[in-house]
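Under numbering that gives the first Met the number 0, the residues of the sequence shown are numbered 0 to 72, in order.
Where a beta carbon is used, it is the ideal one built from N, C-alpha and C, also for glycine.
Just so you know, these numbers come straight off a predicted model, no measurement behind them.
Contents: one structure, followed by commentary.
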Amino acid sequence: MSQIHVHHHGPGHTHDHGHDHSHDHNHGAPHALPAARAAEPGFSLLRLSALQRLAGVAALLALLWIAVAWALS
Numbered sequence: 000m001s002q003i004h005v006h007h008h009g010p011g012h013t014h015d016h017g018h019d020h021s022h023d024h025n026h027g028a029p030h031a032l033p034a035a036r037a038a039e040p041g042f043s044l045l046r047l048s049a050l051q052r053l054a055g056v057a058a059l060l061a062l063l064w065i066a067v068a069w070a071l072s
């Protein structure tokens, strides 16, 4: 088991400690990267056509009027 030894010294300090400063690195075969592909954009109201946005607003207004009519009855 290797020990991690982190410390900082001034510029005039010589580094002559009596312990190991080796690092454990794995330099085996490189990992294969997955193939890059473009991200698919999610749903956005801004990408809808004007007619689709107007239809959505009309549906929301109809639901709002139905809720008001139900609340007043």
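Residue i lies in the alpha helix (DSSP H); which residues open and close that run?
| i | result |
| --- | --- |
| Leu-71 | 49-71 |
Rounded to whole angstroms, what is the Cα-Cα separation between residue i and residue j?
| i | j | result |
| --- | --- | --- |
| Trp-69 | Leu-62 | 10 Å |
| Ser-50 | Ala-58 | Note on identity: in this sequence residue 50 is Leu, with Ser being the wrong assignment. Distance between the alpha carbons of Leu-50 and Ala-58: 12 Å. |
| Ala-35 | Ser-48 | 30 Å |
Cα-Cα, which of the options is closest to residue i?
| i | options | result |
| --- | --- | --- |
| Phe-42 | Arg-52, Ala-35, Leu-71 and Arg-36 | Arg-52 |
| Leu-44 | Ala-34, Pro-33, Trp-64 and Val-56 | Val-56 |
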